[in-house]
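Heads up, the thing below is written out as structure tokens.
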Amino acid sequence: MAQEKEVGLPFWQGRCEERENIRRAEKLAAQALGKDQVENHEIIAKDLLDKNPKCTTAGNCKPNPNGGPYCSRQFGGVCTPCYIPGTQDPYLTPDNTPTCPFSLKEEMGGMAGVAPNTRCKSKSASDLCCLYGIDGGCDKDFSDGSKVTTDMEGYLGVMATAHKDPVQMFNFASKWIQENHGEVQDQ
0 MAQEKEVGLP FWQGRCEERE NIRRAEKLAA QALGKDQVEN HEIIAKDLLD KNPKCTTAGN
60 CKPNPNGGPY CSRQFGGVCT PCYIPGTQDP YLTPDNTPTC PFSLKEEMGG MAGVAPNTRC
120 KSKSASDLCC LYGIDGGCDK DFSDGSKVTT DMEGYLGVMA TAHKDPVQMF NFASKWIQEN
180 HGEVQDQ
């Protein structure tokens, strides 16, 4: 009986194995973006963002208290309109506008870049607005992924926190796996 043998360049061998696909994708991203960029899961290098002017001067980047329109360079390096969901006064065209990255406030230089009188409709992470640190932030602390609830609220909170500390998403996922009777391997 003939034994199956995989042939081809070593880089492409194991192409049907998810773990190997992840390893290859990370290797390719590290070559293209640099190791630091991949480890931080940032699309645009921070030094590139810092060297460019803030996205506050363009006419379509003048936010109102209803959550937008803001602009961010996080999507591809150019000022791209976005909005903050879950504001007390709802944003008028959410179907045509992407939500802003959770790092928007830092990109704009803090609360000074947020439209005056912007209020969140709640302090719940499920409404998203408080995750941007607006109006006093959320009613729960999501800074430690191993201590939050493993529900949608906890997931959203840790996802917003993970742009500053990616390890917290790993901590959250590990806790979720253990709570669902799984075993965390290859830490």
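What the sequence shown shows, in numbering that gives the first Met the number 0, is residues 0 to 186, in sequence order.
Just so you know, even glycine gets a beta-carbon here, dropped at the ideal spot from N, CA and C.
### Query
Grouping DSSP H, G and I as helix and E and B as strand, with all else coil, what is residue 173?
helix
### Message
Helix, strand or coil, according to DSSP, for residue 95 in the structure here?
### Response
helix
### Query
Just how far apart, CA to CA, sit residue 91 and residue 69?
13 angstroms
### Task
May I ask which residues mark the beginning and end of the beta strand (DSSP E) holding residue 79?
79 to 81
#### Entry: Per DSSP, the bridge partner or partners of residue 71
79
### Query
Buried or exposed: where does residue 151 fall if 16 or more other Cβ atoms within 10 Å of its Cβ makes it buried?
exposed
### Query
Closest to residue 156 by CA distance: which of 174, 137, 173 is it?
137
### Message
In this structure, how does DSSP classify residue 63 when only helix, strand and coil are distinguished?
### Response
strand
### Message
Once the 5 residues before and after residue 78 are set aside, which same chain residues still bring their CB inside 8 angstroms of it?
### Response
54, 57, 60, 70, 71, 72
### Query
Run through DSSP, which three-state label would residue 137 get?
coil
### Query
When the distance is taken between beta carbons, is residue 128 closer than 8 angstroms to residue 96?
no
### Task
Please report the residue range of the alpha helix (DSSP H) in which residue 157 lies.
151 to 160
### Task
Could you please give the first and the last residue of the uninterrupted alpha helix (DSSP H) stretch that includes residue 47?
45 to 50
### Message
Assuming contact is defined by CB atoms lying nearer than 8 angstroms, are residue 134 and residue 118 in contact in what I supplied?
### Response
yes
### Task
Could you tell me if residue 66 is buried or exposed, where buried requires 16 or more neighbouring beta carbons within 10 angstroms of its beta carbon?
buried
### Selection from 181, 153, 3 that minimises the alpha carbon distance to residue 125
153
### Task
Name the one or two DSSP bridge partners that residue 119 has.
86
### Query
Would residue 130 pass as a contact of residue 101 if the rule is Cβ separation under 8 angstroms?
yes
### Task
Would you grab the beta carbon distance between residue 166 and residue 176 for me? Rounded to a whole angstrom, and I think it's under 8 angstroms.
Between residue 176 and residue 166 the Cβ distance is about 15 angstroms, and since that is not below 8 angstroms, they are no contact.
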